[in-house]
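Engineer: Taken in sequence, the protein lines are chains S and D.
The numbering of the first sequence is this note's numbering, which starts it at 1 and goes up by one.
The numbering of the second sequence is this note's numbering, which starts it at 68 and goes up by one.
Would you mind keeping the following structure in view while I ask a few things?
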Amino acid sequence: MKVKVDLDLCQGHSVCLGECPEVFDVVEQEDGYPQVVVLIEEPPEELRKKVMSAAMFCPNRVITVED
Amino acid sequence: MSEAAKAELKRPPIVSGASKEGGHMPEFEKDYCAFISRAHAEGGELAEFDFGGQETILMSGPDAQEVFFRTPDEVFSQAQAYQVMVPVFGPGVIFDATPERCKTQLKIQVDALRYQNMKNYASVIAQEVEDWISDWGDEGEVEILHAFHELTMHTATHCLLGKEFRHSMTEEFFSLYKDLQAGVQAISFVDPYMQQPVFAARDRARERLEEIISELVATRRASGKEYGDALETFMTGTYKDGSHLTDTELTGLIIATMFAGHHTSSGAGAGTLLEIAKHPEYAAELKAELDEIYKDGEEISHASMRAIPKLESFINEVLRLHPPLVILMRRVMEDVEYNGYLIEKGKTVAVSIYESHINPEYFPDPHKFDPHRQEPERMFAYIPFGGGRHKCAGNAFAILQLKAIFSALLRRYDFELVGPAEDYEDERANMTIRPKDPCILRYKRRTD
Ligand code: HEM
Ligand code: SF4
């Protein structure tokens, strides 16, 4: 499983961090909104459910998961 | 872009039927949905019209809309396009701030709406709904436009600005707020500083609101208490140099947040309830879903509302057919090429949310209300909250709020129309879409 994020769309709502802190962090930026940082690009299988929740509940559809 | 390069490019087609005075503005003001559809049909992806002297290029379809949303602010400027909001928000706020200060203000605003803060909001909203319906009795009639205006005013202020603010609000606050809203309409885009009674009322309202809000903020500062709400986030937010928002900026930011969140939520709430009354068959599905989720007497909370799929799809369909914001704009700051066409510096680009949502390619039988529709895979086809870096900062809050309201309401009451369905058509005035006023529904306590 591979996690991708589209930073053009991220506004730092932090839903991803709430759903799966193992994989997502949200960090302050020099300018503008905080943004998501992917901590593990290829997370282990046991995190699949949490990663999928993060992707599903991100209000901006920033996160995509490829197999 | 060099003159030679520009000469190579085609110009977007110009929509027919401009009047000598005001260009397409008169037609736009009469029924902008019909006008936009005509412009789209004539021009395709790009169609230029004269918006009261401002050359405006309508960008239609997901490809063009994606470019609209992804192009950075330095090229498609939101602030320059929304100068009409400056007298509403006040000097130095958002669209009137330097780009750097504006970015910090937006960040402080979004901080207040983050996931961590949202958890408390759900129960506050549920409580407001309980208060609202506490004297409804077993059955009766309710005018829902006014009711939602008031309810969402209460919830927004309660969640964002705290309990004391919510309970110190008076009739005066409501009427001032109305004056501010009336100050934004199609003619404001021509010149928001014209000598007009609506603009004078807007300015008086802005001044008085600032007094009221400054007083509340001063009381808080003096009290030294901690509140853990959005107002606190606003009061403690800092610029890069470590300074805080001034009182004027703070007031302006509160108005800006209320302004972005209030009429949109209120319209979406009324629109949702109206569709529920119009479609008893779908209402039954929603009630069954909610009864199942709350069957053990579970409280309405952030956790219980995380996934309510049928209600969410229903709300999505309401926002598709009745988008609370219908047209978004940006000012073009540099020449841009799109598919061989020139989008020239100084013009305005626009996206119509409504028009995007009735595209039959993505929404078959588009005028039919169908909550079972699949959201299209294609990004930027369904855009009730806009997209890209300026996507609605309150979108998660807005959906949470609607879910909380209807979780509480539908477990108690059934709703039906009191007149023929034709009496409940949408009204398209002041650049918004909403049910025609008055919009009266009959409610009955559920006995099933
Ligand atoms: C159903 C309800 C709502 C709808 C349909 C809606 C829609 C939108 C849209 C389309 C935009 C983008 C404007 C543009 O691109 O020019 C926007 C921006 C915004 N909205 Fe909402 N909104 C809703 C509720 C709310 C609420 C409840 C809040 C706050 C409490 C809010 C706060 C904002 C803010 C702060 C922005 C500006 C974001 C930025 O420019 O970076 N909205 N909204
Ligand atoms: S990825 Fe989505 S949920 Fe996470 S911070 Fe960005 S916008 Fe928010």
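Ideal Cβ placement from N, Cα and C applies to all residues, glycine included.
Could you confirm whether any beta carbon from chain D is found closer than 8 Å to the beta carbon of S:Val36?
Structural biologist: no
Engineer: Secondary structure at D:Gly159, three-state DSSP: helix, strand or coil?
Structural biologist: coil
Engineer: Considering only heavy atoms of the ligand SF4, does any lie closer than 7 Å to the CB of S:His13?
Structural biologist: yes
Engineer: Just to confirm my understanding: we take D:Lys292, look at its own chain, exclude 5 residues before and 5 after, and list those with CB closer than 7 Å. What are they?
Structural biologist: Answer for D:Lys292: no residue qualifies.
Engineer: Less than 7 Å between C-beta atoms, sequence neighbours within five positions excluded: which residues of the same chain meet that for D:Ser86?
Structural biologist: Pro93
Engineer: Measure from the C-beta of D:Asn462 to each C-beta in chain S and report whether the shortest distance is under 8 Å.
Structural biologist: yes
Engineer: Assuming D:Tyr361 and D:Arg478 form a contact by the criterion Cβ under 8 Å, report the distance between their Cβ atoms to the nearest whole angstrom.
Structural biologist: Contact holds; Cβ gap of about 6 Å.
Engineer: Could you name the residues of the same chain whose beta carbon sits closer than 7 Å to that of D:Glu422, not counting the 5 residues immediately before and after it, in chain order?
Structural biologist: Ile103, Ser104, His107, Ser127
Engineer: Between the stretch 3–33 of chain S and chain D, which residues of the former have CB atoms less than 8 Å from a CB of the latter, in chain order?
Structural biologist: Asp8, Leu9, Gln11, Gly12, His13, Ser14, Val15, Leu17, Gly18, Asp31, Gly32, Tyr33
Engineer: According to DSSP, D:Gly90 sits in a beta bridge with which residue or residues?
Structural biologist: Partner(s): D:Ser86, D:Phe118.
Engineer: Reducing DSSP to helix, strand and coil, say where S:Met52 ends up.
Structural biologist: helix
Engineer: Should the stretch 336–344 of chain D be regarded as contacting the stretch 205–212 of chain D, the criterion being three or more beta carbon pairs within less than 8 Å?
Structural biologist: yes
Engineer: Give me the Cβ distance between D:Ala297 and D:Asn187, rounded to the nearest whole Å; I'm assuming they're in contact under 8 Å.
Structural biologist: 10 Å between Cβ atoms; not a contact.
Engineer: Verify the contact flag: S:Cys16, CB atom, against every heavy atom of the ligand SF4, threshold strictly below 7 Å.
Structural biologist: Yes, the ligand SF4 has a heavy atom inside 7 Å of this Cβ.
Engineer: Whole angstroms is fine: what's the gap from D:Arg277's alpha carbon to D:Ala268's?
Structural biologist: At residue 277 of chain D the sequence reads Glu, which differs from the Arg that was named. Cα to Cα, D:Glu277 sits roughly 14 Å from D:Ala268.
Engineer: Just reading off the beta strand (DSSP E) that D:Pro502 is part of, what are its end residues?
Structural biologist: 499–502 is the extent of the beta strand (DSSP E) around D:Pro502.
Engineer: Just confirm the distance between the C-beta atoms of D:Ile124 and D:Ala417, as a whole number of angstroms; I'd bet it's less than 8 Å.
Structural biologist: 7 Å
Engineer: My assumption, with CB atoms under 8 Å, is that D:Leu395 sits in contact with D:Val196. Please give the rounded CB distance.
Structural biologist: Not a contact, Cβ separation roughly 30 Å.
Engineer: Return the first residue and the last residue of the beta strand (DSSP E) that D:Pro481 is part of.
Structural biologist: The amino acid occupying residue 481 of chain D in the given sequence is Asp; Pro does not appear at that position. First-last of the beta strand (DSSP E) with D:Asp481: 480–484.
Engineer: If distances are taken between C-alpha atoms only, which option among D:Ile466, D:Ser255, D:Thr286 comes closest to D:Glu231?
Structural biologist: D:Thr286
Engineer: From what residue to what residue does the beta strand (DSSP E) around D:Lys412 run?
Structural biologist: Looking at the DSSP string, D:Lys412 is not in any beta strand (DSSP E), and its letter there is neither H nor E.
Engineer: For D:Gly338, which beta-bridge partners are listed by DSSP?
Structural biologist: In the DSSP output, where bridge partners are listed per residue, D:Gly338 has none listed.
Engineer: Which term fits D:Trp199, buried or exposed, when burial requires 16 or more other beta carbons within 10 angstroms of its beta carbon?
Structural biologist: Buried is the label assigned to D:Trp199, since at least 16 other Cβ atoms lie within 10 Å of its Cβ.
Engineer: Check whether the Cβ of S:Ile40 sits closer than 7 Å to any heavy atom of the ligand SF4, and report yes or no.
Structural biologist: no
Engineer: Do the CB positions of D:Ile192 and D:Ile472 come within less than 8 Å of each other?
Structural biologist: yes
Engineer: Let me confirm a value: D:Glu112 is counted as buried when at least 16 other C-beta atoms fall within 10 Å, else exposed. Which label applies?
Structural biologist: In this structure D:Glu112 is buried. Its beta-carbon is surrounded by 16 or more other beta-carbon atoms within 10 angstroms.
Engineer: With a threshold of 8 Å, are at least 3 pairs of Cβ atoms found where one atom belongs to the stretch 348–368 of chain D and the other to the stretch 313–323 of chain D?
Structural biologist: no
Engineer: Exposed or buried, S:Leu7, counting other C-beta atoms within 10 Å across all chains shown (16 or more means buried)?
Structural biologist: exposed
Engineer: What residues from the stretch 46–64 of chain S come within 8 Å of chain D, judged by C-beta to C-beta, listed N to C?
Structural biologist: Phe57, Pro59, Asn60, Arg61
Engineer: May I ask which residues mark the beginning and end of the alpha helix (DSSP H) holding D:Val385?
Structural biologist: 376–388
Engineer: Counting only Cβ-Cβ distances shorter than 8 Å, please list the residues of the stretch 148–173 of chain D near chain S, keeping chain order.
Structural biologist: Listed in sequence order: Glu167, Lys170, Leu173.
Engineer: Using 8 Å as the limit for Cβ to Cβ distance, is D:Val177 near chain S?
Structural biologist: yes
Engineer: Going by beta carbon distance, what residues of the same chain come within less than 8 Å of D:Leu180, once the five residues before and after it are set aside?
Structural biologist: Ala297, Ala460, Gly461, Ala463, Phe464
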